[in-house]
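First up is the structure itself, then whatever we jot down about it.
Number of protein chains: 4
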Amino acid sequence: MLSQDKRNLLIQRRREEILDAAKLVFARNGYRRTLTDTIIAELGVGKGTLYKYFRNKKTLFLAVFYRGMQQLREVIRVKIEPITDPRQKIINGVRTYFEFFDNDKELIEIIMQVRSEFKDEYRQNFLEMYNDYIGQIQQNLKNGIALGQFREVDIEKTADAISDILQGTLQSYYILKANEKLADKTQAVTALLLKGVLKISNEASAQSRELQI
Amino acid sequence: MLSQDKRNLLIQRRREEILDAAKLVFARNGYRRTLTDTIIAELGVGKGTLYKYFRNKKTLFLAVFYRGMQQLREVIRVKIEPITDPRQKIINGVRTYFEFFDNDKELIEIIMQVRSEFKDEYRQNFLEMYNDYIGQIQQNLKNGIALGQFREVDIEKTADAISDILQGTLQSYYILKANEKLADKTQAVTALLLKGVLKISNEASAQSRELQI
Amino acid sequence: MLSQDKRNLLIQRRREEILDAAKLVFARNGYRRTLTDTIIAELGVGKGTLYKYFRNKKTLFLAVFYRGMQQLREVIRVKIEPITDPRQKIINGVRTYFEFFDNDKELIEIIMQVRSEFKDEYRQNFLEMYNDYIGQIQQNLKNGIALGQFREVDIEKTADAISDILQGTLQSYYILKANEKLADKTQAVTALLLKGVLKISNEASAQSRELQI
Amino acid sequence: MLSQDKRNLLIQRRREEILDAAKLVFARNGYRRTLTDTIIAELGVGKGTLYKYFRNKKTLFLAVFYRGMQQLREVIRVKIEPITDPRQKIINGVRTYFEFFDNDKELIEIIMQVRSEFKDEYRQNFLEMYNDYIGQIQQNLKNGIALGQFREVDIEKTADAISDILQGTLQSYYILKANEKLADKTQAVTALLLKGVLKISNEASAQSRELQI
DNA sequence: AATGAATGAGTGTTCATTCAT
DNA sequence: AATGAATGAACACTCATTCAT
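Residue numbers (the working numbering), protein chains in the order written: chain A, 2 to 214; chain B, 2 to 214; chain C, 2 to 214; chain D, 2 to 214.
Rendered as structure tokens:
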């Protein structure tokens, strides 16, 4: 009889193995086209084992997603939260976000699948991330404005827009399966976020009053 | 007996009716959860009729999608292509894009579904739109730079980033089902695209060289 | 296009065919051991057809049961209800009940299966039959007593006991698969119900007061 | 190290504990719906232990049943066999039978389950009980007739009918889950068995010849 | 041309039983 | 002797598509 500790360790390890195999197969085939048979074949375990660890296919799939989101949160917490300079925070935030997904491309597929297959679950998770993520962007904008670095933008809407450009970049990367790395887009995205396309902001700002927005 | 023309007209009308009903049901339930039975119930025709007009469920779904994309292209062609001033083109482009989807929210759902269910078909369509859409953004950036309005940005990557922010905005709108209109985001998105968040671009630009990007 | 009437007729006929095949297979193998595949093989139709007519296996099984109970009720209504003489009603009632099941032995199996697999559904049906069945036995006892034919028995409990002897006979017949007919038991059962085993009731009755009951 | 005797005693005790837990769970949920997991949870032992004592679920279930039948036989042997007066034997037999099941209601559920799930095993057991049970009823009828207490009934069929009324009473009690005790039915059942419903047997007997049986 | 009854391939999930520790 | 993690055979049910009328 194994000690309880050893047993728990093995169970935990097995759980992770299942999540790894499932992530691989779900990312390759999509949620619907993935057969539980394919996952267990990948794993080399019996079907009962799968169902011992996860109640059903949906639960397994969402567990893969939640684990990924947890890992993203952790990276944000470690690499981005400590940064205090608002400009630097945007720059590093964008790069870190992109690098995270460069290192875990399967997770992009998983996220896209969750969005369309389990919109409710995705929405809830998305809202939960507001604190760690959009909330932080908002705070960063506030800090930048207070320090005189940033223009007095509409904080909420601008934070949304910044979040959206990241999501959108991920999305188009997912669709086009570009061979380049996401992180290669850091420069262009960051420059756009920080400086926009206009040559001289102030002047542009003056002129834009004449423009019909 | 109807004349051939009249018959064709009727057939065309019936085809549109089917697409309308299918769009409604697909948007409401998603592609997978939509039953052909639900579509014909919405239509009030027999199942054979559906299959007379569309080879299968997938074809019908993609036809709904293609029709929507065609309509978007048409709007872009009429409302955006004629604009020559680069700044104005960005501003109006964003607004027009958002207003188009405010007027056809079901299409947002359809697009999101196509993306995850039929990635290949979506990719192909996406690439086809490059000429009308990303290609136009690139041309606009070139024009703006030539006219001295825009900074000398990396045209391809910046165009991608602009496209991504629109896609991302659509995406987050889709997820959060915000009650506000998409068009309400025009100001914030446009300001970000044009001016970025930095207070004084040139100065910021100078400083950013010190920043680690 | 078939007329609506003709269509309904065909649907009704098909429904009955399915019930017949299902009764055969359920009676032969029992509810649990019956595969839907076996039923459709017996029928020679596709599986979808089965599920078009009956929502699931349980519904189909209970439909077989309910149809049988309906037929029993009908036989009781036609052959037993009209009888007015209390003694004759008991005699004919027992015989009719036994003959009904001699003519539909599969139904005995179905009833036994329902009892143990779907006790709740059986109980409800049993209670519903009280009006047509136990209620009638009670009324018959009352009439017999009023006419001076019957002793002044406890009507409710005696009616239950009469019902129980019929159920029990069915039950033991089911278990022992006797080759003889149920109806052959009519004489013995009826004699017991009417006269008991004692030689002279009155005397016995007197004596039985001394007995410890 | 335990002595062989002590070990055997422990094994025997453990076996009884398993049977007790299994009876409880089988009676509560029925054979099919009972999971071996539920039984071991009730017991607080591992699954391997269960299978050490009983080859499989069916064997365990039938062991519960056989133990109950054995106990019934023992009660009959002790309480009924010694009775010599035929009338008293019927009266006490019915009461003893009912009281036995009042004291072990779970066994009623077990018996009903065995009947429909393992008809063959039940039939065999039923036949084995003929000697102790139906055989005894037949002998009692013979004795009653010889003593002049009982009418000259068809011994086999009447014995069957008497057995059937007991089975049927058990059955309807099982279905209706009456709150009253089975033993409360003794009077009505016994009266029916002994005296029937007719007021004056002899006269009735005469008249019944005119009746169509 | 329109209908809708019939089809049947495809798949997630359960749970009794085994056996390595 | 006892454990409980692992097993995998078994099976009900769905729904896009067809085709006879």
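C-beta: ideal position from N, C-alpha, C; glycine also.
For this session: Anything in the region 150-166 of chain D with a Cβ closer than 8 Å to a Cβ of chain C? List those residues in chain order, please.
Result: Answer in chain order: Gln150, Phe151, Arg152, Val154, Asp155, Lys158, Thr159, Asp161, Ala162, Ile163, Ser164, Asp165 and Ile166.
Problem set entry | Local conformation of B:Phe62 per DSSP, three classes | Position 61 of the second sequence holds residue 62 of chain B. DSSP places B:Phe62 within a helical segment (H, G or I) once states are collapsed to three.
Exercise. Are three or more beta carbon pairs between the region 3-23 of chain A and the region 57-76 of chain A nearer than 8 Å?
Worked result: With the cut-off at 8 Å, the region 3-23 of chain A and the region 57-76 of chain A touch.
For this session: Would you list, in sequence order, the uninterrupted alpha helix (DSSP H) runs of no fewer than 4 residues that lie entirely inside the region 18-75 of chain B?
Result: Listed in chain order, the complete alpha helix (DSSP H) runs (minimum 4 residues) inside the region 18-75 of chain B are 37-44 and 48-54.
Exercise. If you run the structure through DSSP and keep just helix, strand and coil, what is C:Phe119?
Worked result: On the third sequence, residue 119 of chain C is found 118 positions in, with the first residue counted as 1. It is coil, neither helix nor strand.
Problem set entry | 8 Å contact criterion, which C:Val95 and C:Thr191 should meet: CB distance rounded | Locating residue 95 of chain C in the third sequence gives position 94, where the first residue counts as 1. Locating residue 191 of chain C in the third sequence gives position 190, where the first residue counts as 1. Their Cβ separation, rounded to whole angstroms, is 5 Å, which keeps C:Val95 and C:Thr191 in contact under 8 Å.
Exercise. In this structure, does DSSP put C:Leu193 in helix, strand or coil?
Worked result: Here residue 193 of chain C refers to the residue found at position 192 when the third sequence is read from its first residue. Three-state result, C:Leu193: helix.
Problem set entry | Proximal chain B residues relative to A:Leu199, where beta-carbon distance stays under 8 Å | The residue given as residue 199 of chain A occupies position 198 in the first sequence. Close partners of A:Leu199 in chain B (Cβ separation under 8 Å): Arg88, Gln150, Phe151, Arg152, Leu195, Lys196 and Ser202.
For this session: With 8 Å as the threshold, decide whether the Cβ of D:Phe127 is near any Cβ in chain C.
Result: Here residue 127 of chain D refers to the residue found at position 126 when the fourth sequence is read from its first residue. Yes - at least one Cβ of chain C is within 8 Å of the one on D:Phe127.
Exercise. Leaving out five residues before and five after B:Asp133 in sequence, what residues of the same chain have Cβ atoms less than 8 Å from its Cβ?
Worked result: The residue labelled residue 133 of chain B in the question sits at position 132 within the second sequence. Closer than 8 Å at Cβ, skipping near neighbours: Arg74, Ile77 and Arg78.
For this session: Closer than 7 Å by C-beta to B:Leu195: which residues in its own chain qualify, once you throw out the five before and the five after it? Chain order, please.
Result: For the purposes of this step, residue 195 of chain B is taken as the residue at position 194 of the second sequence. Only Arg88 and Ile91 meet the Cβ criterion.
For this session: With DSSP as the reference, please indicate the residues paired to B:Leu199 in a beta bridge.
Result: Within the second sequence, numbered from 1, the residue matching residue 199 of chain B stands at position 198. DSSP lists A:Phe151 as partners of B:Leu199.
Problem set entry | 8 Å Cβ cutoff, A:Leu177 in contact with chain B | In the first sequence, counting from the first residue as 1, residue 177 of chain A sits at position 176. At least one CB atom of chain B sits nearer than 8 Å to the CB of A:Leu177.
For this session: Please decide whether B:Ala205 counts as near chain A, where near means a Cβ-Cβ distance under 8 Å.
Result: Taking the second sequence and counting its residues from 1, the one referred to as residue 205 of chain B is at position 204. Confidence is the limiting factor: at B:Ala205 the pLDDT is only 46, short of 50, which leaves the residue's position unreliable and the question unanswerable from this model.
Exercise. If C:Val198 and D:Arg8 are in contact, beta carbons under 8 Å, what's the gap, nearest whole angstrom?
Worked result: Here the question's residue 198 of chain C lines up with position 197 in the third sequence. Here the question's residue 8 of chain D lines up with position 7 in the fourth sequence. With a Cβ gap of about 53 Å, C:Val198 and D:Arg8 do not count as contacting.
For this session: Output yes if chain A places a C-beta closer than 8 Å to the C-beta of B:Glu122; else output no.
Result: Mapped onto the second sequence, residue 122 of chain B falls at position 121. Residue contact check for B:Glu122 against chain A: no CB pair falls below 8 Å.
Exercise. Between the beta-carbon of C:Asp127 and the beta-carbon of D:Ile176, is there less than 8 Å?
Worked result: Looking up residue 127 of chain C in the third sequence gives position 126. Looking up residue 176 of chain D in the fourth sequence gives position 175. The question names Asp, but residue 127 of chain C is Phe in the sequence shown. D:Ile176 is positioned such that its CB atom lies closer than 8 Å to that of C:Phe127.
For this session: Kindly list the residues whose CB is nearer than 7 Å to the CB of A:Phe102, restricted to its own chain and excluding five residues on each side of it in sequence; keep chain order.
Result: Looking up residue 102 of chain A in the first sequence gives position 101. Exclusion of the five residues before and after A:Phe102 leaves Leu108, Ile109, Leu171 and Leu183 as the residues of its chain whose Cβ lies within less than 7 Å of its Cβ.
Problem set entry | Near-chain A residues of the region 6-33 of chain B - C-beta to any C-beta below 8 Å | For the region 6-33 of chain B, which is checked against every Cβ of chain A, the residues closer than 8 Å are Gly31 and Arg33.
Exercise. DSSP state of A:Asn126, grouped into three classes?
Worked result: By one-based count along the first sequence, residue 126 of chain A stands at place 125. Residue state, collapsed to three classes: helix.
Exercise. With a CB to CB cut of under 7 Å and the five nearest residues on each side skipped, what residues in its chain are close to C:Tyr123?
Worked result: Against the third sequence, residue 123 of chain C aligns to sequence position 122. Answer for C:Tyr123: Val115 and Arg116, listed in chain order.
Exercise. CA-CA distance, C:Leu10 and B:Thr50?
Worked result: Along the third sequence, read from residue 1 onward, the residue named residue 10 of chain C stands at position 9. Along the second sequence, read from residue 1 onward, the residue named residue 50 of chain B stands at position 49. The alpha-carbon atoms of C:Leu10 and B:Thr50 are separated by roughly 25 Å.
For this session: Could you give the DSSP three-state label for B:Ile138: helix, strand or coil?
Result: Residue 138 of chain B sits at position 137 when you count from the first residue of the second sequence. Three-state result, B:Ile138: helix.
Exercise. Do you know how far the Cα of D:Gln150 is from the Cα of C:Ala205?
Worked result: The residue given as residue 205 of chain C occupies position 204 in the third sequence. The residue given as residue 150 of chain D occupies position 149 in the fourth sequence. Because the pLDDT at C:Ala205 is just 46, under 50, the model does not fix this residue reliably, and the value given afterwards should be weighed accordingly. Those two C-alpha atoms are separated by around 8 Å.
For this session: Quick one: which residues of the region 130-146 of chain B get their C-beta closer than 8 Å to a C-beta of chain A? List them in chain order.
Result: Across the region 130-146 of chain B, CB contacts with chain A closer than 8 Å involve Leu142 and Gly145, in sequence order along the chain.
Exercise. Whole-angstrom Cβ separation of B:Gly169 and A:Leu167, contact assumed at under 8 Å?
Worked result: Looking up residue 169 of chain B in the second sequence gives position 168. Looking up residue 167 of chain A in the first sequence gives position 166. The pair is a contact, with the Cβ atoms about 7 Å apart (cut-off 8 Å).
Problem set entry | When A:Ile138, A:Leu44, A:Val65 and A:Phe55 are compared against A:Tyr98, the one with the closest alpha-carbon | Indexing the first sequence from 1 puts residue 98 of chain A at position 97. The shortest Cα separation from A:Tyr98 among A:Ile138, A:Leu44, A:Val65 and A:Phe55 belongs to A:Ile138.
For this session: Between the Cα of B:Val215 and those of B:Arg16, B:Tyr131, B:Ile12 and B:Leu44, spot the shortest distance and give me the residue it belongs to.
Result: There is simply no residue 215 of chain B to check, as chain B begins at 2 and stops at 214 in what is shown.
Exercise. Quick one: what's got a C-beta closer than 7 Å to D:Asn203's C-beta in the same chain, skipping five residues either side?
Worked result: What you label residue 203 of chain D is simply residue 202 of the fourth sequence in a count that begins at 1. At D:Asn203 the pLDDT is 45, less than 50, meaning the model places this residue with poor confidence; the figure from the coordinates comes in the next sentence. Non-local C-beta neighbours of D:Asn203 in its own chain, meaning closer than 7 Å and more than five positions away in sequence, are absent.
Problem set entry | Cβ-Cβ separation, D:Asp165 to C:Ser173 (assumed contact under 8 Å), whole Å | As a position in the third sequence, residue 173 of chain C is number 172, starting the count at 1. As a position in the fourth sequence, residue 165 of chain D is number 164, starting the count at 1. Indeed, because the Cβ distance is near 5 Å, the residues count as touching under 8 Å.
Exercise. Which class does C:Pro87 belong to by DSSP, given the choice of helix, strand or coil?
Worked result: Reading the third sequence from its first residue, position 86 is the one you call residue 87 of chain C. The answer is helix: DSSP assigns C:Pro87 an H, G or I state.
For this session: Alpha carbon to alpha carbon, how far is C:Ile12 from B:Gln71? Give it in angstroms, no decimals.
Result: Your numbering for residue 71 of chain B matches position 70 in the second sequence. Your numbering for residue 12 of chain C matches position 11 in the third sequence. Straight-line Cα distance between these residues: approximately 45 Å.
Exercise. CB-CB under 8 Å to A:Gly47, same chain, minus the five flanking residues each way: which ones, in chain order?
Worked result: Within the first sequence, the letter at position 46 stands for residue 47 of chain A. Ile41.
Exercise. Hey, C:Ile19 and C:Tyr54: beta-carbon distance below 8 Å or not?
Worked result: As a first step, residue 19 of chain C must be located in the third sequence, where it is residue number 18. As a first step, residue 54 of chain C must be located in the third sequence, where it is residue number 53. Yes.
Exercise. When you compare each of B:Thr187, B:Asp6, B:Lys158 and B:Gln125 to A:Asp161 by their alpha carbons, which one comes out closest?
Worked result: Residue 161 of chain A sits at position 160 when you count from the first residue of the first sequence. Cα-wise, what sits closest to A:Asp161 is B:Thr187.
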